[in-house]
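Asker: One structure follows; several queries about it will come next.
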Amino acid sequence: MLTDYTTMQKGDVAASTGSALHEAETIIEKVIAEPSTRTLANTLLELERAGRILSDAYGRGPFMGKVHPDPDIRTEATEWEEKVSKWTNELIFRTDLAAAVKAFAATDEAAGLDGIERRLLDEWLRDLHRAGHDLDDAAREELKALQARLIELQVAYERNLAEVDDGIDMTRDELDGLPDDYVERLEKNDDGTFRVTMAYPDYMPFIEQGRNRDLRKAMQFKFWNRAAETNTALLGEAVGIRARIATIFGHGSWADHMLEVKMAKNLQAVNDFYDSVIPGLTTRAMTERAALQALSDKDYDGELQSWDWFYYANQRRKTDYGIDPNEVAKYFSLERVIDGMFAITGEAFGLEYSRVEDARAWHEDVVLYEIRNRNESEPLAYFYADLFPRDGKFGHAAAFPIEYGVREPDGSYRKPIAAIVANFTKPTNSQPSLLEHGEAVTLFHEFGHVLHFCLTTVDMLRFSGYDTEWDFVEAPSQIMEHWMWQPEVLQRFAAHHQTGDVIPEDLVNRLVEARDLHIGMQMIRQVFLGKLDMALHDGGDTSDLEAIAREANKLTLLPFHEGTHFLASFGHLMGGYDAGYYGYLWSKVYGDDMFSEFQRLGVTSPEVGKRYRDEVLAAGGSRDAIEHLRAFLQRDPNSDAFLRNLGLDETST
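The opening position of the sequence shown corresponds to residue 81 in this note's numbering, with each subsequent residue numbered one higher.
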């Protein structure tokens with residue numbers, strides 16, 4: 081059900097979330113006190129119902145901490161997010177709940193379960209084991225306390241990042257290299273200077289285009305020190321707690337503990353994956369770095385620095401391919417990109433979209449869309465698009481669940497509701513929001529998550545939408561990025577925001593050719609982030625986080641930026657991707673492999689699109705992701721397309 085967010089005031093989050101928590105707890109107590117024979121209906125399905133009630137409260141409760149313009153409501157929502165997380169943590173540690181589930185598992189009915197019902201029982205038993213119910217009482221109590229503290233640390237870390245309000249005041253001369261439309265939308269101070277903040281629409285264009293090297297360095301210094309005074313210590317404590325939890329379970333590391341329930345299964349598999357690509361990527365990255373160093377040498381003496389990389393990469397795109405990001409952006413107004421995204425996915429997946437006029441969202445900038453099957457009037461799902469920066473708002477791009485799709489007791493299917501949150505350049509009175517091509521790719525990426533969430537047909541909350549193995553969850557978003565690199569796709573919707581002229585074929589070809597210009601350095605940076613994550617969680621010494629970051633940074637082929645504390649703003653480490661960042665590249669293998677099927681039979685082929693929708697998107701977590709892949713590809717997945725796209729296959733070396 082769509083929520084009227086316009087009437088929300090302080091106290092509403094507490095009321096709605098508290099009510100849901102009370103209702104869920106009442107159901108749990110009834111399950112535990114059940115006097116009759118344990119059945120699927122009075123045990124696991126009732127636990128599912130409690131989970132649904134609580135998850136339904138997220139969109140009008142804790143989610144508001146990410147997006148609501150009122151700081152009091154954000155604070156209240158963040159506090160309740162922590163309360164719900166702690167309640168959920170305490171629930172899984174309850175011995176009476178574990179006894180109820182295990183009692184059902186011992187019944188003849190449980191022995192005869194198959195399909196998704198068997199999967200539900202297996203995952204409950206797995207979760208109970210991972211909550212320490214096979215440990216002694218003392219170990220389980222320690223584990224419970226450690227998990228509760230982890231929740232506190234993660235909430236505080238994220239809150240500190242969201243509340244960062246920093247920047248540098250610059251004169252117009254100091255903004256040399258930036259286009260007028262960038263300068264015009266900056267906050268102007270009383271003394272005539274302009275405020276360049278740490279928000280992505282301010283930061284990234286300056287790092288890519290600002291000619292003042294000292295200011296590029298200063299901006300990066302501030303950006304990599306966001307919340308450093310608080311978050312470095314929070315992360316350090318969290319890493320220590322994770323290591324202790326792994327020890328309690330007899331695992332050698334937090335990575336091994338986390339990976340046993342993912343596709344990778346163990347740390348060795350992840351290390352082998354990285355080892356298979358690092359040599360080739362490093363060779364390619366060294367060649368790319370040498371080209372950037374040559375450009376830098378024309379302007380400065382000394383070694384290419386991390387605050388130079390994006391700037392000279394941008395210069396090289398201009399000189400080698402004639403790609404000016406500001407000129408390219410003129411063909412990618414936000415409205416046209418959204419229209420194109422809808423047209424492409426509509427054709428491939430048999431969908432239609434329309435804007436809901438009376439959205440009644442949490443901010444006037446937010447737009448609400450409905451998703452329908454083609455030629456049908458009844459909506460399948462809804463999603464909000466909150467795409468422009470605001471003070472206190474979540475600072476990155478991500479998709480969030482508002483309400484999960486599930487089968488209702490009357491047999492109907494409840495419509496999923498999701499949200500895309502991003503921070504693109506806001507439109508002005510003189511021009512629309514213009515996206516750099518990379519930002520348009522980001523929008524397609526996040527929309528992949530939305531489709532995964534919204535096109536589910538799974539009956540149970542536990543396996544609905546993108547609730548699948550964590551190292552597969554990025555595959556449906558990775559595959560979406562490919563459409564933003566197909567010339568025939570771009571020329572269908574990319575057009576100049578003033579003249580309406582379709583993007584020239586020559587520009588499209590140059591854009592696509594330049595895609596891989598610095599792919600070695602780009603992918604090595606992804607490897608660096610994944611290896612850094614693993615270095616914090618592989619069982620090694622973590623007493624000096626900066627030393628770990630410094631060592632991992634060697635992979636990037638760029639000097640370490642002294643005095644910075646990048647880990648304080650590496651939000652993935654405290655946002656569910658701990659010992660899991662590798663999943664971006666791991667999922668890319670599957671995303672590339674799946675898109676190769678579209679390339680083989682047509683990039684918007686309805687036949688392939690239907691198979692992808694049915695076997696991957698609709699299936700959610702109802703079976704192992706490897707089975708999704710086999711059903712869609714009609715073969716075992718492989719890394720051929722991934723290696724080919726990186727230029728690391730045998731034919732390209």
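Built from N, CA and C at the ideal position, the CB exists for glycine as well.
For a minimum of 3 consecutive residues, which ranges assigned as the beta strand (DSSP E) are wholly contained in the segment 219-307?
Answerer: Taking only runs of at least 3 residues, the beta strand (DSSP E) segments lying wholly in the segment 219-307 are 247-250, 274-277.
Asker: Apart from the five residues on each side of it in sequence, which residues of its chain come closer than 6 Å, Cβ to Cβ, to Ala659?
Answerer: Trp334, Ala335, Met338, His617, listed in sequence order.
Asker: Does the contact criterion of 3 or more C-beta pairs under 8 Å hold for the segment 153-169 versus the segment 494-509?
Answerer: Not touching, per the Cβ criterion.
Asker: Spell out the partners DSSP gives Ala479 in its beta bridges.
Answerer: Ala479 is bridged to Ile500.
Asker: Among Asp271, Val447, Asn240, Leu375, which one has its Cα closest to the Cα of Ala313?
Answerer: Taking only the C-alpha atoms, the option nearest Ala313 is Asn240.
Asker: Is it right to say Arg605 is buried, meaning 16 or more other beta carbons lie within 10 angstroms of its own, or is it exposed?
Answerer: Counting Cβ neighbours within 10 Å, Arg605 comes out buried, since at least 16 surround it.
Asker: Please classify Thr106 as buried or exposed, where buried requires at least 16 neighbouring CB atoms within 10 angstroms.
Answerer: With fewer than 16 Cβ atoms within 10 Å of its Cβ, Thr106 is classed as exposed.
Asker: Could you please give the first and the last residue of the uninterrupted alpha helix (DSSP H) stretch that includes Phe640?
Answerer: That residue, Phe640, is in no alpha helix (DSSP H); it is neither H nor E in DSSP.
Asker: Terminal residues of the continuous beta strand (DSSP E) containing Arg724?
Answerer: Element bounds for Arg724: not the beta strand (DSSP E) but the alpha helix (DSSP H), 720-725.
Asker: Tell me the start and end of each unbroken alpha helix (DSSP H) in the segment 572-614 that is at least 4 residues and wholly inside, in chain order.
Answerer: As far as the segment 572-614 is concerned, its whole alpha helix (DSSP H) runs of at least 4 residues are 585-593.
Asker: Am I right that Met564 and Phe527 are in contact with their C-beta atoms under 8 Å? What's the rounded C-beta distance?
Answerer: Contact doesn't hold; Cβ gap of about 11 Å is too wide.
Asker: In whole angstroms, give me the CA-to-CA distance for Lys668 and Gly689.
Answerer: Looking at the two C-alpha atoms, the distance is approximately 18 Å.
Asker: Residues in the same chain with beta-carbon distance under 7 Å from Asp716, minus the five sequence neighbours each way, listed in chain order, please.
Answerer: The residues are Arg710.
Asker: Going along the chain, which unbroken runs of the alpha helix (DSSP H) with 4 or more residues stay wholly within the segment 425-464?
Answerer: The segment 425-464 contains no whole alpha helix (DSSP H) run of 4 or more residues.
Asker: Between Met343 and Phe573, what straight-line distance do the alpha-carbon atoms span, to the nearest angstrom?
Answerer: Using only the alpha carbons, I get a separation of about 37 Å.
Asker: Between the Cα of Tyr493 and the Cα atoms of Cys534, Asp194, Asp466, Trp389, which residue gives the shortest distance?
Answerer: With distances taken between Cα atoms, Tyr493 lies closest to Cys534.
Asker: Using the DSSP secondary-structure output, state which residues sit across from Leu384 in a beta bridge.
Answerer: In the DSSP output, where bridge partners are listed per residue, Leu384 has none listed.
Asker: Which whole-angstrom value describes the C-beta separation of Gly485 and Ala465, a residue pair presumed to lie in contact below a C-beta threshold of 8 Å?
Answerer: With a Cβ gap of about 19 Å, Gly485 and Ala465 do not count as contacting.
Asker: Within the chosen definition, does the segment 277-293 reach the segment 378-398 through at least 3 CB pairs nearer than 8 Å?
Answerer: The segment 277-293, when compared against the segment 378-398, does touch it at the 8 Å Cβ threshold.
Asker: So, do the segment 116-125 and the segment 431-446 have three or more beta carbon pairs nearer to each other than 8 Å?
Answerer: Verdict: no, contact absent.
Asker: Quick one: grab the DSSP three-state call for Arg206.
Answerer: Arg206: helix per DSSP, three-state reduction.
Asker: Compute the beta-carbon to beta-carbon distance between Gln558 and Gly701, rounded to the nearest angstrom, for a pair I have assumed lies under 8 Å.
Answerer: With a Cβ gap of about 18 Å, Gln558 and Gly701 do not count as contacting.
Asker: Taking Arg132 as the reference, which of Gly619, Ala94, Glu432, Phe543 has the closest Cα?
Answerer: Of the listed residues, the one whose Cα sits closest to Arg132 is Phe543.
Asker: With 16 as the cutoff for other CB atoms within 10 Å, does Ala489 come out buried or exposed?
Answerer: Residue identity check: residue 489 is Pro in the sequence provided, not Ala. Per the 10 Å Cβ criterion, exposed.
Asker: Should Glu109 be labelled buried (16 or more other beta-carbon atoms within 10 Å of its own) or exposed?
Answerer: Exposed, by the Cβ-count rule.
Asker: Closest by CA to Asp216, which one among Ile196, Phe173, Ala228?
Answerer: Measuring from the Cα of Asp216, the nearest candidate turns out to be Phe173.
Asker: I'd like to know if Glu432 contacts chain D, where contact means its C-beta is closer than 8 Å to some C-beta of that chain.
Answerer: This model lacks chain D altogether; it includes just one protein chain.
Asker: Shortest alpha-carbon distance to Ala104 belongs to which of Gly145, Ser135, Leu82?
Answerer: Selected option, being the one with the closest Cα: Ser135.
Asker: Please state whether DSSP places His652 in a helix, a strand or coil.
Answerer: Three-state result, His652: helix.
Asker: Between the alpha carbons of Thr83 and Tyr138, how many angstroms are there, rounded?
Answerer: If you take the alpha carbons of Thr83 and Tyr138, they lie about 12 Å apart.
Asker: What number of angstroms, rounded off, separates the C-alpha of Arg324 from the C-alpha of Gly475?
Answerer: About 31 Å.
Asker: When you compare only the Cα positions, how much space is there between Asp624 and Leu315?
Answerer: Going from the Cα of Asp624 to the Cα of Leu315 covers about 12 Å.
Asker: Under the rule that 16 or more other beta-carbon atoms within 10 Å means buried, what is Asn455, buried or exposed?
Answerer: The residue in question, Asn455, is exposed, as its Cβ has fewer than 16 Cβ neighbours within 10 Å.
Asker: Considering Cα atoms alone, identify which of Leu726, Glu483, Ala308, Glu189 is closest to Met81.
Answerer: Considering only alpha carbons, the answer is Glu483.
Asker: Is Tyr411 near the ligand NAD - that is, is its Cβ less than 7 Å away from at least one heavy atom of it?
Answerer: For the ligand NAD, the structure offers nothing, since it holds no ligand at all.
Asker: Reducing DSSP to helix, strand and coil, say where Ser356 ends up.
Answerer: In the structure shown, Ser356 sits in a helix (DSSP, three-state: H, G or I).
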